[in-house]
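> Residue numbers 36 to 257, in our numbering, belong to the letters of the sequence shown in order. The beta-carbon is built from N, C-alpha and C at its ideal position, and this holds for glycine as well. The structure that follows is given in the form of structure tokens.
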Amino acid sequence: MSRLGVRAVLFDLDGTLIDSAPDLAGTANTLRERRGLPPLPYERLRPLVGSGARGMLGAAFGVAPGDATFDDLRDEFLAAYEQGLLHRTVVFEGMQAVLDGIEAAGLRWGIVTNKAERFTLPVVRGLGLHGRAGAVVCGDTTPHAKPHPEPLLEAARRMLVAPADCVYVGDDLRDVQAGRSAGMGTLAAAWGYLGQGEAIDAWGADVLLDRPAALLNWLELA
Ligand SMILES: O=C(O)COP(=O)(O)O
Ligand SMILES: [Mg+2]
């Protein structure tokens, strides 16, 4: 895949553009604390953060979707997370420079996440990214979420860029699947929430990136 013809870079949010793991793990421990349970170590929770509330509740309480208590715990988890979206969540180190480089080169960039709008929009605003992103498409913006291509196609439409002229950068297999289905080049971000034993090189991405700055190199902007 060539960077020639790339006019827009779309980014996944959690695990790619921002590190929200400390706040998601912190929320799991808030719920444990409410029940008099000791906190779980961050190192144990972080590898499960890619599975969102499901991963956090599985680790914290041993529950899974379909269990009697799961839905109530998930609602409580999401309400608690919403209270502290930006306590310790940050843009990944090196990523501001990547966004600066993309903008300086006259390329556009946007966000396509499975995180719901109620969480995404305050986070994106709070981190100062809102006025800069050409589009922010969330898990509930279109009828289908990733790995369906629809959110990526919606972002391309909003940015007035043909899907073939976009690339998608993400830290999960479903990001690569969505990008391919949308007809976009795919770049897999290895700095994100890669679960234990996950084989990122088996996802079928066009390019593997080991750190944010590698994206600037690939775009030939560094
Ligand atoms: O919150 C989620 O479900 C995952 O979000 P992401 O798509 O930005 O990684
Ligand atoms: Mg992600």
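What does residue 49 pair with, by DSSP beta-bridge criteria?
By one-based count along the sequence shown, residue 49 stands at place 14. For residue 49, which the question treats as bridged, DSSP gives the partners 53.
> Whole angstroms are fine: how far does the CA of residue 150 sit from the CA of residue 87?
The residue given as residue 87 occupies position 52 in the sequence shown. The residue given as residue 150 occupies position 115 in the sequence shown. Taking the straight line from one Cα to the other gives about 9 angstroms.
> Is the distance from the Cβ of residue 122 to the Cβ of residue 186 below 9 angstroms?
Mapped onto the sequence shown, residue 122 falls at position 87. Mapped onto the sequence shown, residue 186 falls at position 151. Taking 9 angstroms as the Cβ cut-off, residue 122 and residue 186 do not qualify as a contacting pair.
> Do residue 203 and ligand 2 come close, with the Cβ less than 8 angstroms from some heavy atom?
Against the sequence shown, residue 203 aligns to sequence position 168. Not so, every heavy atom of ligand 2 lies at least 8 angstroms from the Cβ.
> For residue 129 and residue 246, which I take to be in contact (beta-carbon distance under 8 angstroms), what is that distance rounded to the nearest angstrom?
Locating residue 129 in the sequence shown gives position 94, counting from the first residue. Locating residue 246 in the sequence shown gives position 211, counting from the first residue. Going by Cβ atoms, the distance from residue 129 to residue 246 rounds to 6 angstroms, so yes, they are a contact pair.
> Count the other C-beta atoms from every protein chain shown that fall within 10 angstroms of the C-beta of residue 37, then say buried if there are 16 or more, exposed otherwise.
In the sequence shown, the residue the question calls residue 37 occupies position 2. Residue 37 is exposed by the Cβ-count criterion.
> Can you give me the C-alpha to C-alpha distance between residue 205 and residue 73, rounded to a whole angstrom?
In the sequence shown, counting from the first residue as 1, residue 205 sits at position 170. In the sequence shown, counting from the first residue as 1, residue 73 sits at position 38. The alpha-carbon atoms of residue 205 and residue 73 are separated by roughly 33 angstroms.
> Give every residue of the same chain whose Cβ lies closer than 8 angstroms to the Cβ of residue 81, excluding the five residues on either side of it in the sequence, and list them in chain order.
As a first step, residue 81 is located in the sequence shown; it is residue number 46 there, counting from the start. Closer than 8 angstroms at Cβ, skipping near neighbours: 56, 60, 228.
> Please name the residue in 85, 76, 70, 43 whose C-alpha comes closest to that of residue 54.
Counted from its first residue, the sequence shown places residue 54 at position 19. Of the listed residues, the one whose Cα sits closest to residue 54 is 85.
> From this set, 148, 194, 198, which residue's C-alpha is nearest residue 179's C-alpha?
As a first step, residue 179 is located in the sequence shown; it is residue number 144 there, counting from the start. The shortest C-alpha separation from residue 179 is found at 148.
> Quick check on DSSP: helix, strand or coil for residue 224?
For the purposes of this step, residue 224 is identified with residue 189 of the sequence shown, where counting begins at 1. Residue 224: strand per DSSP, three-state reduction.
> Return the Cβ separation of residue 144 and residue 41 in integer angstroms, given the expectation that the two are a contact with Cβ distance under 8 angstroms.
Position 109 of the sequence shown, counting from 1, holds the residue named residue 144. Position 6 of the sequence shown, counting from 1, holds the residue named residue 41. Contact doesn't hold; Cβ gap of about 11 angstroms is too wide.
> Enumerate, from N- to C-terminal direction, the unbroken alpha helix (DSSP H) stretches of 4 or more residues contained entirely within the stretch 167-221.
As far as the stretch 167-221 is concerned, its whole alpha helix (DSSP H) runs of at least 4 residues are 185-194, 208-216.
> Within its chain, find whatever has a CB closer than 6 angstroms to the CB of residue 65; leave out the 5 residues flanking it on each side and keep chain order.
For this step, residue 65 is matched to residue 30 along the sequence shown. Counting only Cβ-Cβ distances below 6 angstroms, and skipping sequence neighbours, we find 115.
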